[in-house]
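So the structure is just underneath, and the comments pick up after that.
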Amino acid sequence: MSDMPTSERARSAPDAVLRLADIARTYNPGTPAEVRVLAGVSLDLHAGEAVGLVAPSGAGKSTLLHIAGLLDTPDAGRVEIEGCDLSQASDRARTLARRDRIGFVYQFHHLLPEFSALENVMLPQLAAGASREAARQRATALLALVEVDHRAWHRPAELSGGERQRVAIARALANRPRILLADEPTGNLDPTTAEHVFTMLMTLVHAEGVAALIATHNHALAARMDRRLELRRGRLLPQG
Numbered sequence: 000m001s002d003m004p005t006s007e008r009a010r011s012a013p014d015a016v017l018r019l020a021d022i023a024r025t026y027n028p029g030t031p032a033e034v035r036v037l038a039g040v041s042l043d044l045h046a047g048e049a050v051g052l053v054a055p056s057g058a059g060k061s062t063l064l065h066i067a068g069l070l071d072t073p074d075a076g077r078v079e080i081e082g083c084d085l086s087q088a089s090d091r092a093r094t095l096a097r098r099d100r101i102g103f104v105y106q107f108h109h110l111l112p113e114f115s116a117l118e119n120v121m122l123p124q125l126a127a128g129a130s131r132e133a134a135r136q137r138a139t140a141l142l143a144l145v146e147v148d149h150r151a152w153h154r155p156a157e158l159s160g161g162e163r164q165r166v167a168i169a170r171a172l173a174n175r176p177r178i179l180l181a182d183e184p185t186g187n188l189d190p191t192t193a194e195h196v197f198t199m200l201m202t203l204v205h206a207e208g209v210a211a212l213i214a215t216h217n218h219a220l221a222a223r224m225d226r227r228l229e230l231r232r233g234r235l236l237p238q239g
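Going by numbering that gives the first Met the number 0, 4 is the number at position 5 of the sequence shown; the sequence numbering is gapless.
Written as structure tokens, this is what we have:
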């Protein structure tokens, strides 16, 4: 991406799509309310790989995802996307990287209620400059992959919880991001629906070849990903 800064050369392995290097984040530093959330977190994430991130509530999973997604800035450390350090990049470079390189899925779907499922998946592409026809074709193909193409013209209020979340996953992948960040993507769903949504998510991660970091409380789902990491006392620890 030409708008990404090039002054700092890549120090990560060429196949590391996302590298977090010694990420530190403290809230309210120097006060009695100081909370050290991240204390030197390092992670390499590779194309086509789904990594499960497990931790109790309040341990810093969302903070880590926000930093990885360039929504927050670390106190120290580097966030590299395909070898380019974006930790202290300009707002414009970070915005473009989020638009073109990163997809987000949250616990709540955040679909726009006035638009259909198809239009919700088209909108990010139109914002990035795609033609309406190209956006429609891409959106239709993604909705088919998550098995909600038969509901393409239904608005979110007319969809089930699982259908809305599958549309949200399709939307996150609309611009062919290199990285997918998901924060409790099945947390609001019943076990059967969560299983179906998780299966669709894994199918898309491998079909699209994205590098996925997925935060979840569900240890059973995390165990089925390519790797599983635990955030404990501000550091990442591998799990068996």
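From the three backbone atoms N, C-alpha and C, an ideal C-beta is built for every residue, glycine too. Only a predicted model underlies this, so the values are computations on that prediction, with no experimental measurement involved.
### Query
Do A127 and R98 have their C-beta atoms closer together than 7 Å?
Here residue 127 corresponds to residue number 128 of the sequence shown, with the count starting at 1. Here residue 98 corresponds to residue number 99 of the sequence shown, with the count starting at 1. The criterion of a C-beta distance shorter than 7 Å is satisfied by A127 and R98.
### Query
Hey, is the segment 218-232 in contact with the segment 48-56, meaning 3+ C-beta pairs nearer than 8 Å?
Because the criterion of three Cβ pairs below 8 Å is met, the segment 218-232 and the segment 48-56 touch.
### Task
Give the straight-line distance between the Cα atoms of H195 and P31, rounded to the nearest whole angstrom.
Against the sequence shown, residue 195 aligns to sequence position 196. Against the sequence shown, residue 31 aligns to sequence position 32. Roughly 45 Å separates the two Cα atoms.
### Task
State the start and end residues of the unbroken alpha helix (DSSP H) segment that holds E162.
Counting from one through the sequence shown, the residue named residue 162 turns up at place 163. Per DSSP, the unbroken alpha helix (DSSP H) holding E162 starts and ends at 160-171.
### Message
Excluding the 5 residues flanking R10 on each side, which residues of the same chain have their C-beta closer than 6 Å to its C-beta?
### Response
Along the sequence shown, one-based indexing puts residue 10 at 11. In this prediction, R10 has a pLDDT of 41, which is less than 50 and means its spatial position is unreliable; nothing more can be read from the coordinates.
### Query
Do I80 and R93 come within 7 Å of each other at the CB atom, strictly closer than that value?
Working through the sequence shown from its first residue, we reach residue 93 at position 94. Working through the sequence shown from its first residue, we reach residue 80 at position 81. Pairing R93 with I80 gives a Cβ-Cβ distance that is not under 7 Å.
### Task
Please work out which residues of its chain come closer than 8 Å, Cβ to Cβ, to E243, disregarding the five sequence neighbours upstream and downstream, and give them in chain order.
There is simply no residue 243 to check, as the chain begins at 0 and stops at 239 in what is shown.
### Query
Out of curiosity, what's the CA-to-CA distance linking Q164 and F107?
Translated into the one-based positions of the sequence shown, residue 164 becomes position 165. Translated into the one-based positions of the sequence shown, residue 107 becomes position 108. Straight-line Cα distance between these residues: approximately 8 Å.
### Query
How many Å lie between A233 and L200 at the Cα?
Working through the sequence shown from its first residue, we reach residue 233 at position 234. Working through the sequence shown from its first residue, we reach residue 200 at position 201. Checking the displayed sequence, the identity of residue 233 turns out to be Gly instead of Ala. If I take the Cα positions, the gap works out to 27 Å.
### Residues that DSSP places opposite R18 in a beta bridge
Reading the sequence shown from its first residue, position 19 is the one you call residue 18. Beta-bridge partners of R18 (DSSP): D43, E79.
### Task
Go ahead and pull the three-state DSSP assignment for F103.
Position 104 of the sequence shown, counting from 1, holds the residue named residue 103. Reduced to three states, the DSSP call for F103 is strand.
### Task
Starting from the Cα of L19, find the closest Cα among N27, E146, V78 and give me that residue.
One-based indexing of the sequence shown puts residue 19 at position 20. It is V78 whose Cα lies nearest to the Cα of L19.
### Query
Counting only runs that start and end within the segment 195-233, where is the alpha helix (DSSP H) found for 4 or more residues in a row?
The DSSP assignment places complete alpha helix (DSSP H) segments of no fewer than 4 residues inside the segment 195-233 at 218-221, in order along the chain.
### Task
Give the DSSP-derived three-state secondary structure of D148 in the structure shown.
Sequence index remark: in the sequence shown, residue 148 carries index 149 (1-based). The answer is helix: DSSP assigns D148 an H, G or I state.
### Query
Is A260 near L17, with beta carbons less than 7 Å apart?
Residue 260 falls outside the range modelled here, since the chain spans only 0 to 239, and no answer is possible.
### Query
Exposed or buried, which one is R131 when buried takes at least 16 other CB atoms within 10 Å?
One-based indexing of the sequence shown puts residue 131 at position 132. Its Cβ having fewer than 16 others within 10 Å, R131 is exposed.
### Task
Please go through the same chain and pick out, in chain order, the residues whose beta-carbon is closer than 8 Å to the beta-carbon of P4, but skip the five residues on each side of it.
For the purposes of this step, residue 4 is taken as residue 5 along the sequence shown, with counting starting at 1. Low confidence applies here, because P4 scores a pLDDT of 40, under 50, leaving its location unreliable; read the following figure in that light. Excluding five sequence positions before and after P4, the CB atoms of its chain that fall closer than 8 Å to its own CB belong to C83, D84, L85, A88, S89, A92, given in chain order.
### Query
Buried or exposed: A15, going by 16 or more other Cβ atoms within 10 Å of its Cβ?
Position 16 of the sequence shown, counted from the start, is the residue given in the question as residue 15. So A15 ends up on the buried side.
### Query
Ends of the beta strand (DSSP E) at A49?
Numbered from its first residue, the sequence shown carries residue 49 at position 50. 49-53 is the extent of the beta strand (DSSP E) around A49.
### Task
Would you mind working out which of L37, H45, S56, S61 sits nearest A75, comparing C-alpha positions?
Taking the first residue of the sequence shown as 1, we reach residue 75 at position 76. Looking at the Cα atoms, L37 is the closest of the given residues.
#### Entry: Integer-rounded CB distance, given that V40 should sit under 8 Å from L235
By 1-based counting over the sequence shown, the position of residue 235 is 236. By 1-based counting over the sequence shown, the position of residue 40 is 41. With a Cβ gap of about 5 Å, L235 and V40 count as contacting.
### Task
Kindly give me the distance between the Cβ atoms of V145 and L203, rounded to whole angstroms, as I take these residues to be in contact under 8 Å.
Walking along the sequence shown from the start, residue 145 turns up at place 146. Walking along the sequence shown from the start, residue 203 turns up at place 204. V145 to L203, Cβ: 7 Å. Contact.
### Message
Between the alpha carbons of A181 and A129, how many angstroms are there, rounded?
### Response
Translated into the one-based positions of the sequence shown, residue 181 becomes position 182. Translated into the one-based positions of the sequence shown, residue 129 becomes position 130. Roughly 24 Å between the two C-alpha positions.
### Message
Quick check: V120 and R170, are their CB atoms within less than 7 Å of each other?
### Response
Residue numbering aside, residue 120 sits at position 121 when the sequence shown is read from its first letter. Residue numbering aside, residue 170 sits at position 171 when the sequence shown is read from its first letter. Less than 7 Å divides the Cβ of V120 from the Cβ of R170.
### Query
Nearest CA to the CA of A133: which residue from P184, S115, N174, L230?
Looking up residue 133 in the sequence shown gives position 134. The shortest C-alpha to C-alpha distance from A133 to any of P184, S115, N174, L230 is the one to N174.
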